[in-house]
Structures are given as structure tokens and as C-alpha cells.
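Undergrad:
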Amino acid sequence: MKPLKIVAGIILNPKRTEVFITKRHKNVQKTGYWEFPGGKVETRESYQEALIRELKEEVGIVVIKLNHFERSIYKEQGTLFQFDFFLVSLFENEPYGREGQKGVWIKLSNLKNYRFPKANISIIDRISKKNSF
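Here the UniProt record's numbering is used: position 89 in the sequence shown is 89, and no number is missing along the way.
#1: Measure the Cβ-Cβ separation of PHE83 and ILE11 and say whether it is below 8 Å.
#2: Please state the DSSP three-state secondary structure of LYS82.
#3: By how many angstroms is the C-alpha of PHE36 removed from the C-alpha of TYR96?
#4: Which ranges does the beta strand (DSSP E) cover as unbroken runs of at least 3 residues, wholly within the UniProt domain "Nudix hydrolase" (2 to 129), from first to last along the chain?
#5: Can you give the Cα-Cα distance for ILE21 and ASN113, rounded to whole angstroms?
#6: One question on the structure: do TYR47 and PRO117 come within less than 8 Å of each other, judged by their Cβ atoms?
#7: Please work out which residues of its chain come closer than 8 Å, Cβ to Cβ, to PRO3, disregarding the five sequence neighbours upstream and downstream, and give them in chain order.
#8: Could you check how far apart the C-beta atoms of PHE91 and GLU70 are, in whole angstroms? I think they sit under 8 Å.
#9: So, are the CB atoms of VAL62 and VAL88 less than 8 Å apart?
#10: Identify, in the order they occur along the chain, each residue of the same chain with its Cβ nearer than 8 Å to the Cβ of SER122, setting aside the five sequence neighbours on each side.
#11: Leaving out the 5 sequence neighbours to the left and right, which residues in its chain are closer than 8 Å to HIS25 when beta-carbon positions are compared?
#12: How many angstroms separate the CA atom of LEU66 from the CA atom of VAL59?
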């Protein structure tokens, strides 16, 4: 079974003390959960290209610098997902919910206070610890 390839951006403020997250829309899977912005990798698209495209579409930023952070494989309801998370540390424009979704800056230490999908828990654990990247 080939995994569905997903990219997500861990968008950091310049001091690397806060991260920008968005809340999933109503009427979609995992409604009301928070997430790192991103989406599916299209055919013939690199992971980096996919994330740059998704972040421009979803939160209105132009990515200047990103680094691969972690890959995780997760199976849910018979579907295999491959998540590639990238640290986004330099970008143009202020992120916002460009598709109508709520977006907020939160302290890394407060990440565990927000409800994320299970596939994100290992990432949350890792980045909420000081000096984890």
C-alpha cells in the first residue's frame, strides 16, 4: 500500500518561541482539531515545492527558508499516511487563515494545550521541549 504523502510547516517566529497553527474547518475530517498548515504532495512535486505551494495558498506566506524536521508514518481507517514536517524559519508576509480558517501564534510550551490529530503527537512532544531543534 502506497502512503498518501502529506507535508506540514512548523512556522516559527524569529525567536523560535512561538509557532503558527490553524484550526480545521467544519465539515472536514478532524473538524475542530488544530494542525500545522500544509497538505498533499501532488504528482511530480517535491516535498519542498508542495509545502511552499500549500503555505502560500493556506496562510499567505512566501517561504524563504525551510528544513526537514521529521517524517512519520501513520495508519488511520485503512489509509497509510506519510507526514513530512518542515521547520519554516524565514518567510515573507504575516501568516493568517487565508481560506477562512482560524490561525494563531502560540508559545511552543503551550502546544500540548491544543487538540491535534494523533499523527501529530510525536511532533508536538518533540517541539514543545526547549532546544529540541
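Virtual Cβ for every residue (Gly too), placed ideally from N, Cα, C.
TA: Reading from the atomic positions:
#1: Here residue 83 refers to the residue found at position 83 when the sequence shown is read from its first residue. Here residue 11 refers to the residue found at position 11 when the sequence shown is read from its first residue. Cβ atoms of PHE83 and ILE11: not closer than 8 Å.
#2: Taking the first residue of the sequence shown as 1, we reach residue 82 at position 82. Residue identity differs from the one stated: residue 82 is Gln in this sequence, not Lys. If DSSP states are grouped into helix, strand and coil, GLN82 belongs with the strands.
#3: As a first step, residue 96 must be located in the sequence shown, where it is residue number 96. As a first step, residue 36 must be located in the sequence shown, where it is residue number 36. In a straight line, the C-alpha of TYR96 is about 12 Å away from that of PHE36.
#4: 4 to 12, 18 to 23, 38 to 40, 62 to 76, 79 to 92, 103 to 107
#5: As a position in the sequence shown, residue 21 is number 21, starting the count at 1. As a position in the sequence shown, residue 113 is number 113, starting the count at 1. Straight-line Cα distance between these residues: approximately 12 Å.
#6: If you number the sequence shown from 1, residue 47 lands on position 47. If you number the sequence shown from 1, residue 117 lands on position 117. Result no, Cβ atoms of TYR47 and PRO117 do not sit closer than 8 Å.
#7: On the sequence shown, residue 3 is found 3 positions in, with the first residue counted as 1. Cβ neighbours of PRO3 beyond the five flanking positions: ILE73, LEU80, PHE81, GLN82.
#8: Residue 91 sits at position 91 when you count from the first residue of the sequence shown. Residue 70 sits at position 70 when you count from the first residue of the sequence shown. The Cβ separation is near 20 Å, so there is no contact.
#9: Translated into positions along the sequence shown, residue 62 becomes position 62. Translated into positions along the sequence shown, residue 88 becomes position 88. No. Outside cutoff.
#10: Here residue 122 refers to the residue found at position 122 when the sequence shown is read from its first residue. Contacts found: GLU70, SER72.
#11: For this step, residue 25 is matched to residue 25 along the sequence shown. Counting only Cβ-Cβ distances below 8 Å, and skipping sequence neighbours, we find THR31, GLU99, GLY100, GLN101.
#12: Position 66 of the sequence shown, counted from the start, is the residue given in the question as residue 66. Position 59 of the sequence shown, counted from the start, is the residue given in the question as residue 59. Their backbone Cα atoms lie some 15 Å apart in a straight line.
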